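What follows is a short report on a single structure.
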Amino acid sequence: MATPGGNRRAADEARRDAEFAAFVAGAGGRLLHSAVLLTGDPAEADRLLTAALARLYADWPGLEGDDPYDRARAELFVRYAYRPWRRPRGGPLDGLTARQRLVVTMRYFEGIGEEQTAAVLGMACERVAAIAALGGARLRSGPGRATAAARTAAR
Numbered sequence: 667m668a669t670p671g672g673n674r675r676a677a678d679e680a681r682r683d684a685e686f687a688a689f690v691a692g693a694g695g696r697l698l699h700s701a702v703l704l705t706g707d708p709a710e711a712d713r714l715l716t717a718a719l720a721r722l723y724a725d726w727p728g729l730e731g732d733d734p735y736d737r738a739r740a741e742l743f744v745r746y747a748y749r750p751w752r753r754p755r756g757g758p759l760d761g762l763t764a765r766q767r768l769v770v771t772m773r774y775f776e777g778i779g780e781e782q783t784a785a786v787l788g789m790a791c792e793r794v795a796a797i798a799a800l801g802g803a804r805l806r807s808g809p810g811r812a813t814a815a816a817r818t819a820a821r
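So the sequence shown is numbered by the numbering used here: it starts at 667 and just counts up by one.
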């Protein structure tokens with residue numbers, strides 16, 4: 667026999683599922699593009715985004731007025747920053763280091779302010795500015811030069 671509390675719980679879960687599905691339908695494309703910029707690999711980007719969205723889904727009932735896009739974006743960036751190190755390859759940010767990809771994506775693609783970027787990544791604002799400037803300089807130098815500069819810097 668169904669209890670009134672059980673019906674309410676099922677209705678709450680159905681509402682939560684519908685809200686989350688609507689959020690993913692609206693924001694998933696932009697989040698996936700950020701993930702591709704970070705990883706340079708669509709399959710790796712999909713795995714990264716899936717993990718970030720799974721965490722957001724688990725936290726969904728407790729958002730309490732927080733912007734779900736900001737939370738999903740922060741989770742994506744933190745998961746990328748603290749994942750086992752793998753050199754990103756390919757994509758429009760090829761030639762940038764993993765940290766430069768992260769800062770350039772946060773600052774210029776997502777439009778996150780320097781202070782907020784520094785807070786999410788746990789570094790000083792000056793460091794964020796320096797990384798963004800170096801990444802921007804590498805991008806402006808052209809794809810061939812950016813890759814060569816990255817190889818030279820890695821030596």
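Yeah, the Cβ is synthetic: ideal placement off N, Cα and C, and Gly gets one too.
Nothing here was measured: the structure is a model prediction, and the numbers come from that model.
Inter-residue CB distance, Leu719 and Val690 (contact presumed, cutoff 8 Å):
Indeed, because the Cβ distance is near 6 Å, the residues count as touching under 8 Å.
Could you give the DSSP three-state label for Ala684: helix, strand or coil?
DSSP places Ala684 in the helix class (H, G or I) of the three-state scheme.
To which residues of the same chain is Gly757 closer than 7 Å at the C-beta, ignoring the five residues directly before and after it?
When the five nearest sequence neighbours on each side are left out, the beta carbons in the same chain lying within less than 7 Å of the beta carbon of Gly757 are those of Val702, Leu703, Gly706, in order along the chain.
Mind checking whether Arg804 and Leu759 have CB atoms under 7 Å apart?
Not a contact, by the Cβ cut-off of 7 Å.
Nearest-angstrom Cα separation, counted from Tyr723 out to Leu729:
Each residue's Cα considered, the two are about 10 Å apart.
Residues in the same chain with beta-carbon distance under 8 Å from Glu679, minus the five sequence neighbours each way, listed in chain order, please.
The beta carbon of Glu679 sits closer than 8 Å to no other beta carbon from its chain once the five residues preceding and following it are set aside.
Near Arg767, which residues of its chain fall below 7 Å by C-beta distance, leaving aside the five closest residues on each side in sequence?
Cβ within range, chain order: Leu703, Leu704, Pro754, Leu759.
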